[in-house]
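Residue numbers for the sequence shown follow full-length UniProt numbering, beginning at 1 and rising by one.
Backbone N, C-alpha and C define an ideal beta-carbon position, used for all residues, glycine too.
Note sheet for the following structure.
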Amino acid sequence: MGYREVYKSWQADPEAFWIEQSQAIDWDRAPTRALFDQGPVGEWFADGMVNTCWNAVDRHVKAGRGNQPAIIHDSPITDSQQTITYGELQERVAGLAGALAAHGIGLGDRVIVYMPMIPEALVAMLACARIGAVHSVVFGGFAAHELAVRINDAQPKAIIAASCGLEPGRVVEYKPLLDRAIDEATHQPDFTVIFQRPEHQAAMISGRDLDWHDVQQGTEPADCVPVPGNHPAYVLHTSGTTGQPKGVIRATGGHLVALQWSMKNIYGIDPGDVFWAASDVGWVVGHSYICYAPLIAGATTIVFEGKPVGTPDAGTFWRVIQDHGVKSFFTAPTAIRAVKREDPHGEFIGKYDLSCLKALFLAGERADPDTIQWAEDHLKVPVIDHWWQTETGWAIAANPFGIELLPVKKGSPTLPMPGYDVQILDEAGHPVPAGTLGAIAVKLPLPPGTLPTLWNAEDRFRKSYLDHFPGYYETGDAGYVDEDGYLYIMARTDDVINVAGHRLSTGAMEEVLSGHPAVAECAVIGAADSLKGQAPLGFLCLKKGVEMSDEQVVKEVVARVRNEIGPVAAFKTAVVVDRLPKTRSGKILRATMTKIADGEEFKTPATIDDPVILDEIAEALLTVGYPARS
């Protein structure tokens, strides 16, 4: 069947569609039906009994594929590579799970995982899943206060951490951050397990801190514990607009079914293929597509400890793909833009044999057409933008490469996946005509794998996602659908600016700016303006080796916006900066930039990659009259 037949089969009978997909999972007790009318938005496969770790590890060993690589760790920072087979992974996971169980961790207990990009991070996650514990992964090196907030919310019995993480040129000691977080937190874990890396040995606190290897001595490996389909597999905290992070829950049964379906149908991955998502554990991509989905599908997953540029150069992505035979590669548009900025002519790409690569997938930030075109021109494979959220756990809209490659429209993540009935609504909740900008919402129920609620915050879940448009999940994104049904994500709802009564998409303006040959990356915000309400303000990062003056580039991009969007955009001001403030997952912090431009107080986001950039932005804004302008 092609995409449209698959989508129509879901529309015709969602219950039968998802029951059929659930048969690709090993159940201890198969669910009697797919969707149960319970909880705020329903629960999937709630009466089934299943174990995630069995489906991600043990069943492949049982099928005779224990010698197949499960995890390849590639660290250009330490100049090392390591391969772990499914058989070895089973032993490591069962060993750690047994140690946790021996120390009182059981069904429903929470365990925080505070780790860098090393295989032990996946082992820790899978060990929790093996015994029915609920893990909450916090990105290694996260600030102590933010870790304390998550400790108080998740209330873990144990914390599993590494002694350090590695950044280019420096070692980040995790243990002092962990100690400070535990001191600050009102909830106290029973114990911690510390994996000592050779690059730094952490000081241990007697009676609380246990060594990763020592704790496993003399304990029995643990078997997989079946859990109900609606049992939380994990809680993942996403940044909240109030400063209080939201704990997104992922239920076990739906998580397994959705990720299994997505690997084959979206990413074109079969058992034994090599899949690489260049993200981090602690972000949803790391959970879904570094740890769980590739292993559930019986593929080989790559755990990469490095950066797109600087470890050692802009060719590191292509070297990894060549060395390990990567079939499908998934990263953020911002990573490709960083590579493009360092290597605008794609010279590094030509140094590697990329014949194994069949597709590049982009998500996490809007993929501007210029970046997609650059990647297509140099990689000679389909470049597929797809759109999803921490809350959904897998793609809302995509080009289903594993079913059929649909015609690509640059700037669009293509069409909704089965389970998602995507609508564009006006403020009153009414559908708008094709081509009209509006709020993107998904008609309830959401499909398997999406969040059933928030951790200890059902009222907040309803208020954040359900109350504004009754009967819909509010995505918080704005966009439109064209006459062919293709979806276009133009901005967060908050980033749609109002210029003299005209609702304008910052994403559309960014698309025009990024089309200028000198621009490597850009952002547009709406700054306060006493006459027009808001005025667009552009930030430009230029490509390496640009000979044009900053003033000339600004003049030309202003003219481009006027020509391509029109005078209604009132785009008159842009500033050249060395870099844009981003989260560690690559999202540009537009809301924080807006506060700086407007002269408002702001809290430095906990997820920011480098807080110093905010000072650079403030200095650049002074050169163009912000925030003095009123």
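So residue i and residue j are supposed to be a Cβ contact under 8 Å. How far apart are they, rounded?
i      : j      : result
Arg208 : Ala162 : About 16 Å separates the two Cβ atoms, so there is no contact after all.
Ala491 : Ala535 : In fact, because the Cβ distance is near 16 Å, the residues do not count as touching under 8 Å.
Phe275 : Thr301 : 6 Å
Phe469 : Gly429 : 5 Å
Gly435 : Tyr486 : 11 Å between Cβ atoms; not a contact.
Arg150 : His60  : The pair is not a contact, with the Cβ atoms about 32 Å apart (cut-off 8 Å).
Leu166 : Glu199 : 6 Å
Trp18  : Gly48  : That pair is no contact at about 12 Å.
Ala278 : Phe330 : 7 Å
Can you give me the C-alpha to C-alpha distance between residue i and residue j, rounded to a whole angstrom?
i      : j      : result
Tyr352 : Glu342 : 17 Å
Gln552 : Ile565 : 20 Å
Ser630 : Leu621 : Because Ser630 sits at a pLDDT of 38, beneath the cut-off of 50, its placement in the model cannot be relied upon, and the following sentence gives the value as read from the coordinates. Approximately 14 Å, taken between the alpha carbons.
Asp495 : Gly507 : 8 Å
Ile72  : Ile84  : 6 Å
Arg180 : Glu616 : 29 Å
Thr390 : Pro344 : 31 Å
Gly108 : Ala133 : 5 Å
Ile588 : Asp323 : 31 Å
Leu89  : Pro69  : 9 Å
Cys522 : Glu556 : 14 Å
Pro407 : Val442 : 23 Å
Ile269 : Val309 : 27 Å
Thr371 : Val50  : 42 Å
Glu376 : Trp212 : 44 Å
Ser9   : Ile249 : 28 Å
Pro245 : Leu542 : 34 Å
Hey, quick one: how far does the beta strand (DSSP E) through residue i stretch, first residue to last?
i           : result
Met115      : Arg110 to Met115
Lys246      : Lys246 to Ala251
Phe539      : Gly533 to Leu542
Glu521      : Val519 to Asp529
His237      : Pro232 to Thr238
Leu178      : Counting along the chain, Leu178 falls outside any beta strand (DSSP E), though it belongs to the alpha helix (DSSP H) covering Lys175 to Glu184.
residue 632 : Here the chain comprises residues numbered 1 to 630, so residue 632 is not present and cannot be evaluated.
Leu466      : Premise fails: Leu466 is in no beta strand (DSSP E) and is neither H nor E.
residue 640 : Since the first and last residues shown for the chain are 1 and 630, residue 640 lies out of range.
Val383      : Val383 to Asp385
Gly476      : Tyr472 to Val481
His73       : Pro69 to Ser75
Within a Cβ cutoff of 6 Å, which residues of the same chain sit near residue i, ignoring the five residues on either side of it in sequence?
i      : result
Ala528 : Asp598
Gly124 : According to the sequence provided, residue 124 is Ala. The question's Gly does not apply to it. Once the five neighbours on either side are set aside, the close Cβ partners of Ala124 are Val113 and Ile160.
Glu120 : Phe195
Trp283 : Ser585
Ala12  : none
Tyr464 : As written in the sequence, residue 464 is Ser, which differs from the Tyr given in the question. Once the five neighbours on either side are set aside, Ser464 has no close Cβ partner at all.
Ala148 : Ala181, Glu184 and Ala185
Val383 : Leu360, Ile372, Ala375 and Glu376
With 7 Å set as the bound, which would you pick, yes or no: does the beta-carbon of residue i sit closer than that to a beta-carbon of chain C?
i      : result
Phe461 : Any reference to chain C falls outside this structure, which holds one protein chain only.
For residue i, which residues in the same chain have their Cβ closer than 7 Å to its Cβ, ignoring the five residues on either side in sequence?
i           : result
Leu35       : Glu15, Gly42, Trp44 and Pro445
Ala56       : Leu126, Tyr292, Leu295 and Ile296
residue 710 : Since the first and last residues shown for the chain are 1 and 630, residue 710 lies out of range.
Val215      : Ala99 and Val193
Gln21       : Val257 and Trp261
Please classify residue i as buried or exposed, where buried requires at least 16 neighbouring CB atoms within 10 angstroms.
i      : result
Thr241 : For Thr241, the predicted model reports a pLDDT of 49, less than 50, meaning its position is unreliable and no value from the coordinates is stated.
Thr604 : exposed
Asn456 : exposed
Asp385 : buried
Ile403 : buried
Ile205 : exposed
Arg366 : buried
Gly64  : exposed
Leu531 : exposed
Asp578 : exposed
Val568 : exposed
Met117 : buried
Between which two residues does the alpha helix (DSSP H) harbouring residue i extend?
i      : result
Ile296 : Ala293 to Ile296
Glu20  : Pro14 to Ser22
Met490 : Per DSSP, Met490 belongs to no alpha helix (DSSP H); it is in the beta strand (DSSP E), Leu487 to Arg492.
Cys128 : Pro119 to Arg130
Ile321 : Thr316 to His324
Val568 : Val568 -> no alpha helix (DSSP H), and no H or E assigned at all.
Val137 : No alpha helix (DSSP H) contains Val137, which is instead part of the beta strand (DSSP E) from Val134 to Phe139.
So, at 8 Å on beta carbons, what are the nonlocal neighbours of residue i in its own chain, with the 5 sequence-adjacent residues on each side left out?
i      : result
Cys53  : Val93, Ala97, Leu126, Ala127, Ala129, Arg130 and Cys224
Asp482 : Lys409, Ser412, Ala434, Gly435 and Tyr488
His103 : Ala158, Asp190, Phe191, Leu210 and Val215
Val6   : Asn265, Pro400, Ile403 and Pro418
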